[in-house]
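Chemist: Protein chains in written order, with my numbering: chain A, 129 to 470; chain B, 129 to 470; chain C, 129 to 470; chain D, 129 to 470.
Here you go, one structure.
Protein chains: 4
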Amino acid sequence: MTYNVAILGASGYTGAELVRLIATHPSLTITGLSGNSKAGMAMADVFPHLRHLDLPALTTIEEMDLSGVDLVFCALPHATSQAVISKLPQSLKIVDLSADFRLRDPADYEKWYGKGHAATQMQGEAVYGLTEFYRDQIKAARLVAGTGCNAATGQYALRPLIEAGVIDLDQIIIDLKAAVSGAGRSLKENLLHAELSEGANGYAVGGTHRHLGEFDQEFSAIAGRPVQVQFTPHLIPANRGILATTYVQGDPQTIYDTLHAAYADEPFIEVLPMGQTPSMKHVRASNFCHIGVAADRVPGRAIVIAALDNLTKGSSGQALQNANLMLGLPETEGLMLAPVFP
Amino acid sequence: MTYNVAILGASGYTGAELVRLIATHPSLTITGLSGNSKAGMAMADVFPHLRHLDLPALTTIEEMDLSGVDLVFCALPHATSQAVISKLPQSLKIVDLSADFRLRDPADYEKWYGKGHAATQMQGEAVYGLTEFYRDQIKAARLVAGTGCNAATGQYALRPLIEAGVIDLDQIIIDLKAAVSGAGRSLKENLLHAELSEGANGYAVGGTHRHLGEFDQEFSAIAGRPVQVQFTPHLIPANRGILATTYVQGDPQTIYDTLHAAYADEPFIEVLPMGQTPSMKHVRASNFCHIGVAADRVPGRAIVIAALDNLTKGSSGQALQNANLMLGLPETEGLMLAPVFP
Amino acid sequence: MTYNVAILGASGYTGAELVRLIATHPSLTITGLSGNSKAGMAMADVFPHLRHLDLPALTTIEEMDLSGVDLVFCALPHATSQAVISKLPQSLKIVDLSADFRLRDPADYEKWYGKGHAATQMQGEAVYGLTEFYRDQIKAARLVAGTGCNAATGQYALRPLIEAGVIDLDQIIIDLKAAVSGAGRSLKENLLHAELSEGANGYAVGGTHRHLGEFDQEFSAIAGRPVQVQFTPHLIPANRGILATTYVQGDPQTIYDTLHAAYADEPFIEVLPMGQTPSMKHVRASNFCHIGVAADRVPGRAIVIAALDNLTKGSSGQALQNANLMLGLPETEGLMLAPVFP
Amino acid sequence: MTYNVAILGASGYTGAELVRLIATHPSLTITGLSGNSKAGMAMADVFPHLRHLDLPALTTIEEMDLSGVDLVFCALPHATSQAVISKLPQSLKIVDLSADFRLRDPADYEKWYGKGHAATQMQGEAVYGLTEFYRDQIKAARLVAGTGCNAATGQYALRPLIEAGVIDLDQIIIDLKAAVSGAGRSLKENLLHAELSEGANGYAVGGTHRHLGEFDQEFSAIAGRPVQVQFTPHLIPANRGILATTYVQGDPQTIYDTLHAAYADEPFIEVLPMGQTPSMKHVRASNFCHIGVAADRVPGRAIVIAALDNLTKGSSGQALQNANLMLGLPETEGLMLAPVFP
């Protein structure tokens, strides 16, 4: 059985990554691509690496013919998504890659995104797209909200630990190193090669990054009480990948055993042997997430490190994994591409 | 129909790249991996990015059980290959990725590689593995010799032009920019990140690079007279990719038309519209080759630029393409992975 | 004796590089910095790496007090310079880093820059700033026009050869690899880290790059007849540096001897031993230029490679070298900083 | 007054960095360079970026003539230094860049370096070379032990806070990002460009890095009680620089005020305005250290980030700063080179 999909916002990096992954997916056909500022252009002119593919030209969203489409990936900018999605036909399944439907509480949305939500009626409907933890709801969902890429990485390291109650909830630190593609194809001075290469710096330091809204929502829900982690992202000179180093207090072996058990049957989550820690490069361009645990020399403390590719497992790969579930396809279909190394 | 394959020399980059590609190939199963210096290790310990795969452990070549194997990829170091291959059972099909069987003439081999060949009887048997130009012979071959990655790139730009007689054979310059993985996983000072990053330099300047042996052999054979190109490779700070800028004398439009016609039906060779030139990044981690032609302001001169990924189209992807042909499989099977960008 | 200098256009990379170099120059004091779009800001907020320096705040050009200033560096964008410079007081010495006064012939300017020159009366007055070849005129000049960074690199490799008549004037090819800072601090998609890193591509292929205007002007003047080189620049993933590989026809040893003799007494030009070729990385952040010569295997052909840092010897270092001469200071003052490696 | 200096171990990165800095130092002359494995070679052949300098050829240590030498920089590998230094004439001043004399207690040395010290009698004599905190002792010292580059960065962020008693001594985490040159010019697989570029990973995770010996020694001495920090270094794809993100518990404004006051008169330590955090790139190739403080959203917690260049302020620049003090020269002489950006 083959399904037709469309991608709204195909001129950004997550849109291009969706096309890359779907290109070798056996059950999906791309029948529409939108990109408002580049409407009328061939995808090969916007992303020459996709030149070998037979793709529809970019259109505006309004021009797109959605008849016959089974599922839409919405890779639009934050805040744009909510307006567009609220007007899509009820018959369409939707995987949203923006931040618009990640937070369930309108007040939380307003707190972290600085203005009211334009489609609050859909916020409750949306299922949070962290596949391994919302699998059943995703299968039944019409609208799935893709997670933040940083938020996904931190949750893979910490969710089973919070759920199992094996770490101190008031002493959680996430020090995250992020490659630059997470910032999108945007023309900002700090994203220039000349400014980023050979550099490294923290940003949104002190607890102001919007993905904290997701950490708070999810961790508090699991714990059944408010949980506020410390989270400091850093920009490093690489294109793809996130490495989240988390510092927790609890028994290291118990922590390891908890993670190992939680992910034992997961096709994309690899828990390394105790004491080994992952490298961002070993998951590049793939849907895999590597997790490692080490005991600190200070008793009762552990370091848990998770690595994934922000564009794949952190965004477009996750979206495809969820789409597979929503369409009744095998969850891993089209996603078993091995990481690219070196 | 599924075939069993083994990889000799799986602990290097081309070996790992073969595993990456075969991981999602529907008709091939890896039943043996050798790596003499790392025999006994799990592949996941040598290349952690392959950790999710169920692979045989590394063995020595001697320990490897070749019964039931249909085809062997030989990714051993130059000079080692010839001794190993000459001892393999006659029933095995072999794709060699080393330099050992690229040159048909033992004298040429000795000239470029500095010593006599240990298996001259097989030199004549081997088919040169530039798929698009040796397709029929490859289908029938028992032993295919993978090309040099630089040699492949230059030939994609120039072969049809030499064959059609549309350029001056005595005024051909290939200025090539190569990423570092072409040098393999070898511990040399100039391959260190601290030495290569932010740098660029020519090497083997003046016509001493061994891939010139392939250019000479192939171009002279096509032209029916000796052809000696100038060839200067440069090392640039990137991991994957080759960009070959070739300077030729002839009518630019004729040159363009010749290339366009030659590759019209090729699944992996994309000739860009006249005047557009390729980027190394747009073919990364894929089996595609992009070629562009521009007229110079000096009348009667043109620039032809070809880009490919040295580890894929320049080596392991080419090897797999040839293996598909040798096994009677569709030529593109397992090789349509889209380039990874950004 | 100490001189006061001002920098117009200090918010770009060449402006910042001037400040870096002047920071440890014993005879120059910066008394004014302009940056129209960032007027009112402290230099430390525009370029935090200069935070330790006691610098004047950025002003508009109009607000700048030029009384007491001995020399102005004009690092404004192309086309802006000519209007500004034509209004500066006659008493000021001026080193212009833009393209505005590089071409002596108004018709040439219009041909390469697409519109008429706004200060043609000053075009004749301006001295071309390639120090080693215009030293005496620069000492006496009021206005010196800094060269293009690519143009400088190619000329260091070729000028002595053309002057000595030891190469074929109709068979000169310059294949140039340029780091990204030459494009300035400009917000363009292809300059993003995610787009440039791991890539390489030709640009202005076919003889359309504006620095060809300088090559034509200078090489033709030396040769006493029109000379048209082929010139193909490539963008590579590095921040600083240019490597120009030039292909020439002539006797390699004569070529080497000619270059060696020409630069024997030059403090910043190093000709490597015959057969050795330079690395871009070995001149980084310095005012040095390394040149190497290799004979090709094709008799009568040679490769000459030159490397320099586009922001230093190719632009701001050159400007300071010229300013030293114009002010009667030792030519090398403040410029002997060793290259930064690794 | 000019002094003669020699560098033992000049064929490594810290040796080359010393030569780079001394090249423009007005009061020092290099009269000897050793490099046992490269004895007999010209420095220009080992480090071509130093080609313009008139330097003595490399010798063995035994061959070196130390008569007339005032001060020796010892940039030998760890464990080699102690044997060499114990045999140097008593009249020589010595700045050691190795780890051999950083730990005052022989038991600590054995614990962290895995074997007994060969010159315990000199361990007590050596002064710890963190200039800003040992200035008076360094002025009077014969032997100064350069600090670890990671250890220096962490101490700049934390020492004043521990001394002032404004943070919780049992809740200190140092998450450090290190560029690759800190590992030296050593041929290791993980230092290859192909392995490091586009990657990031923790190493010595869990409290096993040797620089913890320095943290323990220094922080415990200041606090007057044992202090054990958590310290996780990460390797990131850059050549120069360290960014240390430290997580502390205490009042953020008090923490800021304490650091600001502590470094108010320091020529090389820049404390950024409250809330701003440093970038590794803004101190590259310089002797400056930038420090920033941000309050976390969790009350009573702060993030302190310090950035410096591991080869300059973290090693050779620090060594030169100490040498200046030991020779009675101005502390900043030869060290005011502005950072190189971009």
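Beta carbons are placed, not taken as given, at the ideal position from N, Cα and C, and that holds for glycine.
This one's a predicted model, so the numbers in the text were calculated from it and none came from an experiment.
Which residues bound the beta strand (DSSP E) around residue 360 of chain A?
Modeler: Within the first sequence, residue 360 of chain A is the residue found at index 232, counting from 1. From DSSP, the beta strand (DSSP E) with residue 360 of chain A extends over 358-363.
Chemist: Just to make sure I have the definition right: I need the residues of chain A whose C-beta is within less than 7 Å of the C-beta of residue 413 of chain B. Which are they?
Modeler: Looking up residue 413 of chain B in the second sequence gives position 285. In chain order: 413 and 468.
Chemist: Would you say residue 255 of chain D lies against chain A (beta-carbon separation less than 7 Å)?
Modeler: The count along the fourth sequence starts at 1 and reaches residue 255 of chain D at position 127. For residue 255 of chain D, the answer is no, since every Cβ of chain A falls outside 7 Å of its Cβ.
Chemist: Need the endpoints of the beta strand (DSSP E) that residue 341 of chain B sits in, please.
Modeler: Position 213 of the second sequence, counting from 1, holds the residue named residue 341 of chain B. Looking at the DSSP string, residue 341 of chain B is not in any beta strand (DSSP E); the run it does join, the alpha helix (DSSP H), is 339-351.
Chemist: I'd like to know if residue 436 of chain B contacts chain D, where contact means its C-beta is closer than 7 Å to some C-beta of that chain.
Modeler: Your numbering for residue 436 of chain B matches position 308 in the second sequence. Not closer than 7 Å to any Cβ of chain D, the Cβ of residue 436 of chain B fails to qualify, so no.
Chemist: If you measure from the beta carbon of residue 365 of chain C to each beta carbon in chain B, is any gap under 7 Å?
Modeler: As a working mapping, residue 365 of chain C is identified with position 237 in the third sequence. Yes, residue 365 of chain C counts as interfacial toward chain B.
Chemist: Which residues, in order along the region 406-431 of chain A, keep a beta-carbon less than 9 Å from a beta-carbon of chain D?
Modeler: For the region 406-431 of chain A, which is checked against every Cβ of chain D, the residues closer than 9 Å are 406, 407, 408, 409, 410, 412, 420, 422, 423, 424, 425, 426, 429, 430 and 431.
Chemist: Residue 303 of chain A lies in the alpha helix (DSSP H); which residues open and close that run?
Modeler: The residue labelled residue 303 of chain A in the question sits at position 175 within the first sequence. Premise fails: residue 303 of chain A lies in the beta strand (DSSP E), 301-306, not in any alpha helix (DSSP H).
Chemist: Using a Cβ-Cβ cut-off of 7 Å (strictly less than) and excluding sequence neighbours within five positions of residue 204 of chain A, which residues of its own chain qualify?
Modeler: What you label residue 204 of chain A is simply residue 76 of the first sequence in a count that begins at 1. Within the same chain, residue 204 of chain A has close Cβ partners 136, 137, 212 and 226.
Chemist: Who are the Cβ neighbours of residue 169 of chain C in its own chain at under 6 Å, not counting the five residues just before and after it?
Modeler: Taking the third sequence and counting its residues from 1, the one referred to as residue 169 of chain C is at position 41. Cβ neighbours of residue 169 of chain C beyond the five flanking positions: 186.
Chemist: What are the partner residues of residue 255 of chain C, as DSSP defines its beta bridges?
Modeler: On the third sequence, residue 255 of chain C is found 127 positions in, with the first residue counted as 1. For residue 255 of chain C, which the question treats as bridged, DSSP gives the partners C:272.
Chemist: My output table needs one value for residue 295 of chain D: the three-state DSSP class, helix, strand or coil.
Modeler: Within the fourth sequence, numbered from 1, the residue matching residue 295 of chain D stands at position 167. Looking at residue 295 of chain D - three-state DSSP - the assignment turns out to be coil, as it is neither helix nor strand.
Chemist: Since residue 329 of chain B and residue 371 of chain C should fall inside the 8 Å C-beta cutoff, what is the C-beta to C-beta distance between them, to a whole number of angstroms?
Modeler: Counting from 1 along the second sequence, the entry for residue 329 of chain B is found at position 201. Counting from 1 along the third sequence, the entry for residue 371 of chain C is found at position 243. Yes, they are in contact, since the Cβ atoms of residue 329 of chain B and residue 371 of chain C sit about 7 Å apart, within 8 Å.
Chemist: Just curious, the alpha helix (DSSP H) that residue 146 of chain D is in, first and last residue?
Modeler: Along the fourth sequence, read from residue 1 onward, the residue named residue 146 of chain D stands at position 18. Note, residue 146 of chain D: alpha helix (DSSP H), 141-150.
Chemist: Mind listing the chain B neighbours of residue 461 of chain A? Cutoff is C-beta to C-beta under 8 Å, in chain order.
Modeler: Indexing the first sequence from 1 puts residue 461 of chain A at position 333. In chain order: nothing, as chain B lies at least about 11 Å away.
Chemist: Assign residue 469 of chain A to one of three DSSP states: helix, strand, or coil.
Modeler: In the first sequence, counting from the first residue as 1, residue 469 of chain A sits at position 341. Residue 469 of chain A falls in the coil class under three-state DSSP.
Chemist: Leaving out five residues on either side along the sequence, give the residues of the same chain with a beta carbon under 6 Å from the beta carbon of residue 340 of chain A.
Modeler: Mapped onto the first sequence, residue 340 of chain A falls at position 212. The residues are 359.
Chemist: Go through its chain and collect everything with a Cβ distance to residue 294 of chain B's Cβ below 8 Å, but skip five positions before and after it.
Modeler: Counted from its first residue, the second sequence places residue 294 of chain B at position 166. Hits under 8 Å: 378, 379, 382, 383 and 386.
Chemist: Between residue 477 of chain D and residue 232 of chain D, which are expected to be in contact by the criterion C-beta below 8 Å, what is the C-beta distance as a whole number of angstroms?
Modeler: Residue numbering for chain D in the displayed model covers 129 to 470; residue 477 of chain D lies beyond these limits and cannot be assessed.
Chemist: Relative to the C-alpha of residue 174 of chain D, which residue among B:129, B:229, B:167 and B:323 is closest?
Modeler: If you number the fourth sequence from 1, residue 174 of chain D lands on position 46. It is B:323 whose Cα lies nearest to the Cα of residue 174 of chain D.
Chemist: Is residue 399 of chain B helix, strand or coil when you go by DSSP?
Modeler: As a first step, residue 399 of chain B must be located in the second sequence, where it is residue number 271. The answer is strand: DSSP assigns residue 399 of chain B an E or B state.
Chemist: At 3 residues or longer, and completely inside the region 411-440 of chain A: list those beta strand (DSSP E) runs for me, N to C.
Modeler: Qualifying beta strand (DSSP E) stretches, in chain order: 417-423 and 429-436.
Chemist: Assuming residue 177 of chain A and residue 467 of chain B are in contact, meaning their beta carbons sit under 8 Å apart, how far apart are those beta carbons, in whole angstroms?
Modeler: For the purposes of this step, residue 177 of chain A is taken as the residue at position 49 of the first sequence. For the purposes of this step, residue 467 of chain B is taken as the residue at position 339 of the second sequence. That pair is a contact at about 4 Å.
Chemist: Out of curiosity, what's the CA-to-CA distance linking residue 326 of chain D and residue 417 of chain B?
Modeler: Counting from 1 along the fourth sequence, the entry for residue 326 of chain D is found at position 198. Counting from 1 along the second sequence, the entry for residue 417 of chain B is found at position 289. Roughly 23 Å separates the two Cα atoms.
Chemist: Within 7 Å of any Cβ in chain D, is that where the Cβ of residue 220 of chain B sits?
Modeler: In the second sequence, residue 220 of chain B corresponds to position 92, counting from 1. Judged by the 7 Å Cβ criterion, residue 220 of chain B is not in contact with chain D.
Chemist: Rounding to the nearest angstrom, what Cα-Cα distance links residue 364 of chain C and residue 463 of chain D in this structure?
Modeler: Working through the third sequence from its first residue, we reach residue 364 of chain C at position 236. Working through the fourth sequence from its first residue, we reach residue 463 of chain D at position 335. Rounded to whole angstroms, residue 364 of chain C to residue 463 of chain D spans 32 Å at the Cα level.
Chemist: Against residue 130 of chain C, what residues of chain D qualify as contacts under a CB-to-CB distance less than 9 Å, listed in chain order?
Modeler: Numbered from its first residue, the third sequence carries residue 130 of chain C at position 2. Within chain D, no residue comes near residue 130 of chain C; the closest Cβ sits about 17 Å away, beyond 9 Å.
Chemist: When DSSP labels each residue in this structure, what does residue 404 of chain B get in the three-state scheme?
Modeler: For the purposes of this step, residue 404 of chain B is taken as residue 276 along the second sequence, with counting starting at 1. Reduced to three states, the DSSP call for residue 404 of chain B is coil.
Chemist: Residues of the region 325-348 of chain A with a CB closer than 9 Å to any CB of chain D: list them in chain order, please.
Modeler: So the close ones are 325, 326, 327, 328, 329, 330, 331, 333, 334, 335, 336 and 340.
Chemist: DSSP three-state call for residue 261 of chain C: helix, strand or coil?
Modeler: Taking the first residue of the third sequence as 1, we reach residue 261 of chain C at position 133. Note: residue 261 of chain C maps to helix in three-state DSSP.
Chemist: Per DSSP, residue 185 of chain D is paired with what?
Modeler: The sequence position of residue 185 of chain D within the fourth sequence is 57, counting from 1. In the DSSP output, where bridge partners are listed per residue, residue 185 of chain D has none listed.
Chemist: Taking C-beta pairs closer than 8 Å, name the residues in chain D that residue 309 of chain C reaches, listed in chain order.
Modeler: On the third sequence, residue 309 of chain C is found 181 positions in, with the first residue counted as 1. Result: 470.
Chemist: In whole angstroms, what separates the C-alpha of residue 267 of chain C from that of residue 220 of chain C?
Modeler: Taking the third sequence and counting its residues from 1, one reaches residue 267 of chain C at position 139. Taking the third sequence and counting its residues from 1, one reaches residue 220 of chain C at position 92. When rounded, the distance between both Cα atoms is 14 Å.
Chemist: Using a Cβ-Cβ cut-off of 7 Å, state whether residue 319 of chain D counts as contacting chain B.
Modeler: Position 191 of the fourth sequence holds residue 319 of chain D. Taking Cβ atoms only, chain B reaches closer than 7 Å to residue 319 of chain D, which makes this a yes.
Chemist: Kindly list the residues whose CB is nearer than 6 Å to the CB of residue 429 of chain D, restricted to its own chain and excluding five residues on each side of it in sequence; keep chain order.
Modeler: As a first step, residue 429 of chain D is located in the fourth sequence; it is residue number 301 there, counting from the start. Excluding residues within five positions, the ones whose Cβ falls inside 6 Å are 377.
Chemist: What did DSSP end up calling residue 284 of chain D once you bin it into helix, strand or coil?
Modeler: As a working mapping, residue 284 of chain D is identified with position 156 in the fourth sequence. Residue 284 of chain D falls in the helix class under three-state DSSP.
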